[in-house]
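Chains as they are written, first to last, in the numbering used here: chain L, 1 to 232; chain Y, 1001 to 1232. Glycine included, each C-beta is placed from N, C-alpha and C at the ideal position. Predicted model, so just to flag it, every value in this text is computed and none were measured. Structure first, commentary second.
Protein chains: 2
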Amino acid sequence: MPNIDLEAIRGLPLFAGMDAANFAELMQAAYLQRFPPHVQLIAEGDPADFLYVVVEGCVEMFAETRGRRSTIELTQPVSAFIVAATLKDAPYLMSARTTERSRLLLIPSEDVRVMFERDPGFAQSIVYEQATAYRSLVRIIKNQKLRTSIERLANYLLRAHAEQGANGALTLAIDKRTLAALLGMTPENLSRAFATLKPYGVTVDGADIRLSKLTDLETFAKPTPLIDARDA
Amino acid sequence: MPNIDLEAIRGLPLFAGMDAANFAELMQAAYLQRFPPHVQLIAEGDPADFLYVVVEGCVEMFAETRGRRSTIELTQPVSAFIVAATLKDAPYLMSARTTERSRLLLIPSEDVRVMFERDPGFAQSIVYEQATAYRSLVRIIKNQKLRTSIERLANYLLRAHAEQGANGALTLAIDKRTLAALLGMTPENLSRAFATLKPYGVTVDGADIRLSKLTDLETFAKPTPLIDARDA
DNA sequence: ATTATCAATTGATAAATGTCAAGCAGGCGT
DNA sequence: ACGCCTGCTTGACATTTATCAATTGATAAT
């Protein structure tokens, strides 16, 4: 495994508190693998054989029932997913697929659990990771249940805008279909939502978005750290 | 603090792996307190001063923005809530209030964090607790996004029915207002949802519900362990 | 250059859910 | 018993969101 990736993985909060020797041992058991776009990695209900780390690319966590489909979150580098199922040795509750070409680290769940029992520092790191992940889900629920689809879009745009330098423009990192799924609406509705935001200075040109009336948009979106911030 | 309660708390997964002396010390710092119904315990945004354990009664976790209000989950005995905020020393993301007369254990967050650093067994127990809590939220999201309100009600009834002995009848433990909030709909809609389920053998008399066509209801509700089961 | 393909948009319509207002019934105190 | 609150229900209507169908526009393949 290239050293530069090892460094990035080592830098994850999840592994921060881990003993160096244990970390090396855990990485011995792991695979770094490339995947093309739109490959399903895991299916809900499957036993949790691996813990995954997104090193590069993007992974969509989603769920399905009765033909309906819902995106729950996107996992971007560098972070782990399905930690909970791995630790509990329980079936995955979500499916996962790549949205683009991605490189993933696969660590056998068994090794993670062994190390978790052996290394108290690792256990502590996992606690922080899990606490962060939990809070992120709370935010997702609040975003979904307390806001209309248009408000969700507006707040998403403001967040992306801030992350990309807050210079009045932003570029969507994912295609609009995926964005619609992430925001919990249909692609048709996303188009209409963009149109609805036009009076608030939102202009769309493909993946490029301009926000020309930022204060108006903020007045409309009413972002709040209790939903839109990211935990440290 | 009465011994019987201490035993129940000690039996919580959260404290299972903890050293006995450490547990005793942590309990020294804790308060056991009674609260009347409908008392707001914490407000979202507040600093996480205490970890709470519901010993008796019921606590509703909810969130508000712009006058809208949404119940996220109900916490019933004996379990802890807002573990994540406590551990991260971060503001609560949810508000909490009692729905009935309740007895709660309050443990100062600072003591929890100190103990978490000191006692690896406690840290491990917290991991399991957090993993379970995380998976519970995933289920809540799936329930909310993949099902209509009527389906949510049908599955709720089936779950309550199973928990109460599966004898063709069940009694709602919470008033219909709270139930509506929990299922993510208005009280008016809940009434209509009950009416819609009549053809599937659901008869309502106040808080008493009879399910006379269980297989029909199951066919309609299509419960799945990936949403409706509870983690061990 | 032409066609095939697919994402994105638009329009028309339907379904799900929320809102407002009124009415009903049971429990409670007087 | 009486009135009165409170929670629940019902009806009429508005809003939000989804669905279906058709069209556009860009990109890639022939």
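Alpha-carbon to alpha-carbon, residue j and residue i
{"i": "L/Gly121", "j": "Y/Ile1082", "result": "23 angstroms"}
{"i": "L/Leu158", "j": "L/Leu26", "result": "39 angstroms"}
{"i": "L/Asp216", "j": "Y/Val1078", "result": "47 angstroms"}
{"i": "L/Asn167", "j": "L/Val202", "result": "14 angstroms"}
{"i": "Y/Pro1108", "j": "L/Phe35", "result": "46 angstroms"}
{"i": "L/Arg68", "j": "L/Lys145", "result": "18 angstroms"}
{"i": "Y/Asp1019", "j": "Y/Asp1119", "result": "7 angstroms"}
{"i": "L/Phe194", "j": "L/Ile141", "result": "22 angstroms"}
{"i": "L/Glu7", "j": "L/Tyr31", "result": "15 angstroms"}
{"i": "L/Arg230", "j": "Y/Glu1218", "result": "40 angstroms"}
{"i": "L/Ile174", "j": "L/Ser136", "result": "20 angstroms"}
{"i": "Y/Thr1171", "j": "Y/Ala1232", "result": "24 angstroms"}
{"i": "Y/Val1059", "j": "Y/Gly1165", "result": "24 angstroms"}
{"i": "L/Thr75", "j": "Y/Gly1206", "result": "45 angstroms"}
{"i": "L/Thr196", "j": "Y/Glu1163", "result": "46 angstroms"}
{"i": "L/Val127", "j": "Y/Ile1042", "result": "23 angstroms"}
{"i": "L/Ser191", "j": "L/Lys198", "result": "11 angstroms"}
Run of the beta strand (DSSP E) containing residue i, from where it starts to where it stops
{"i": "Y/Pro1108", "result": "1102-1108"}
{"i": "Y/Leu1074", "result": "1068-1075"}
{"i": "Y/Ala1080", "result": "1079-1081"}
{"i": "Y/Arg1034", "result": "1031-1035"}
{"i": "L/Asp205", "result": "202-205"}
{"i": "L/Glu44", "result": "Per DSSP, L/Glu44 belongs to no beta strand (DSSP E) and is neither H nor E."}
{"i": "L/Leu211", "result": "208-211"}
{"i": "Y/Ala1063", "result": "1059-1065"}
{"i": "L/Ala169", "result": "169-171"}
Limits of the unbroken alpha helix (DSSP H) element including residue i
{"i": "L/Thr233", "result": "The structure shown does not extend to residue 233 of chain L, since chain L is modelled only from 1 through 232, so no value can be given for it."}
{"i": "Y/Gln1028", "result": "1020-1028"}
{"i": "L/Thr132", "result": "120-146"}
{"i": "Y/Pro1152", "result": "The residue asked about is misnamed: residue 1152 of chain Y is Arg in this sequence, not Pro. Run containing Y/Arg1152: 1149-1163, per the alpha helix (DSSP H) assignment."}
{"i": "Y/Ala1096", "result": "From DSSP, Y/Ala1096 is part of no alpha helix (DSSP H) but of the beta strand (DSSP E) over 1095-1098."}
{"i": "Y/Leu1014", "result": "1013-1016"}
{"i": "Y/Asp1228", "result": "1225-1228"}
{"i": "Y/Ala1180", "result": "1176-1182"}
{"i": "Y/Leu1190", "result": "1187-1196"}
Burial state of residue i (16 or more Cβ within 10 Å)
{"i": "L/Ile233", "result": "Missing from the structure shown is residue 233 of chain L; chain L here goes from 1 to 232 and no further."}
{"i": "Y/Ser1212", "result": "exposed"}
{"i": "L/His161", "result": "buried"}
{"i": "L/Arg66", "result": "exposed"}
{"i": "L/Ser125", "result": "buried"}
{"i": "L/Ser70", "result": "buried"}
{"i": "L/Thr148", "result": "exposed"}
{"i": "Y/Ala1133", "result": "buried"}
{"i": "L/Gly184", "result": "buried"}
{"i": "Y/Glu1117", "result": "exposed"}
{"i": "Y/Glu1073", "result": "buried"}
Own chain residues within Cβ distance below 6 angstroms of residue i, not counting five before or after
{"i": "Y/Ala1169", "result": "Arg1210"}
When the options are compared against residue i, the one with the closest alpha-carbon
{"i": "L/Ala96", "options": "L/Leu183, L/Ala48, L/Arg159, L/Leu158", "result": "L/Ala48"}
{"i": "L/Met94", "options": "L/Glu44, L/Gln33, L/Val54, L/Lys145", "result": "L/Glu44"}
{"i": "Y/Val1112", "options": "Y/Leu1182, Y/Lys1088, Y/Gly1011, Y/Gln1040", "result": "Y/Lys1088"}
{"i": "L/Ala131", "options": "Y/Ala1090, Y/Glu1218, Y/His1038", "result": "Y/Ala1090"}
{"i": "Y/Phe1220", "options": "Y/Tyr1200, Y/Val1039, Y/Asp1231", "result": "Y/Tyr1200"}
{"i": "Y/Leu1182", "options": "Y/Gly1017, Y/Glu1117, Y/Ile1150, Y/Ala1084", "result": "Y/Ile1150"}
{"i": "L/Ala29", "options": "L/Ala85, L/Leu172, L/Glu218, L/Leu106", "result": "L/Leu106"}
{"i": "L/Phe62", "options": "L/Leu51, L/Gln40, L/Phe50, L/Glu7", "result": "L/Gln40"}
{"i": "Y/Asp1046", "options": "Y/Val1053, Y/Ala1085, Y/Val1054, Y/Gly1011", "result": "Y/Ala1085"}
{"i": "L/Leu51", "options": "L/Phe15, L/Ile72, L/Glu73, L/Pro37", "result": "L/Phe15"}
{"i": "L/Val55", "options": "L/Ile42, L/Ile4, L/Ala24, L/Gly184", "result": "L/Ile4"}
{"i": "Y/Pro1223", "options": "Y/Glu1060, Y/Tyr1156, Y/Gln1033", "result": "Y/Tyr1156"}
{"i": "L/Glu64", "options": "Y/Val1138, Y/Arg1192, Y/Ala1173", "result": "Y/Val1138"}
{"i": "L/Gln33", "options": "L/Glu163, L/Val53, L/Ala173", "result": "L/Val53"}
{"i": "Y/Gly1011", "options": "Y/Leu1074, Y/Glu1110, Y/Glu1129, Y/Ile1042", "result": "Y/Glu1129"}
{"i": "L/Leu214", "options": "L/Arg192, L/Ala154, L/Ala80, L/Glu110", "result": "L/Ala154"}
{"i": "L/Pro13", "options": "L/Ala80, L/Met185, L/Pro225, L/Gly184", "result": "L/Ala80"}
{"i": "L/Pro225", "options": "Y/Val1204, Y/Tyr1092, Y/Glu1073, Y/Ala1024", "result": "Y/Tyr1092"}
Cut-off 8 angstroms between Cβ atoms - residues of its own chain near residue i, not counting five sequence neighbours on either side
{"i": "Y/Pro1187", "result": "Lys1176, Arg1177, Ala1180"}
{"i": "Y/Gly1057", "result": "Phe1035, Pro1077, Thr1098, Thr1099, Glu1100, Arg1101, Ser1102, Arg1103, Leu1104"}
{"i": "L/Asn189", "result": "Ser149, Ala180"}
{"i": "L/Glu110", "result": "none"}
Nonlocal neighbours in the same chain, by C-beta distance under 7 angstroms from residue i, ignoring five residues either side
{"i": "Y/Met1115", "result": "Asn1022, Leu1026, Phe1122"}
{"i": "L/Asn143", "result": "Arg152, Ile227"}
{"i": "L/Pro37", "result": "Thr98, Thr99, Glu100, Arg101"}
{"i": "Y/Gly1017", "result": "Gly1121, Phe1122, Gln1124, Ser1125"}
{"i": "L/Ala24", "result": "none"}
Proximity test, residue i beta-carbon vs the ligand ZN heavy atom, cut-off 8 angstroms
{"i": "L/Thr196", "result": "This structure simply doesn't include the ligand ZN, nor any ligand for that matter."}
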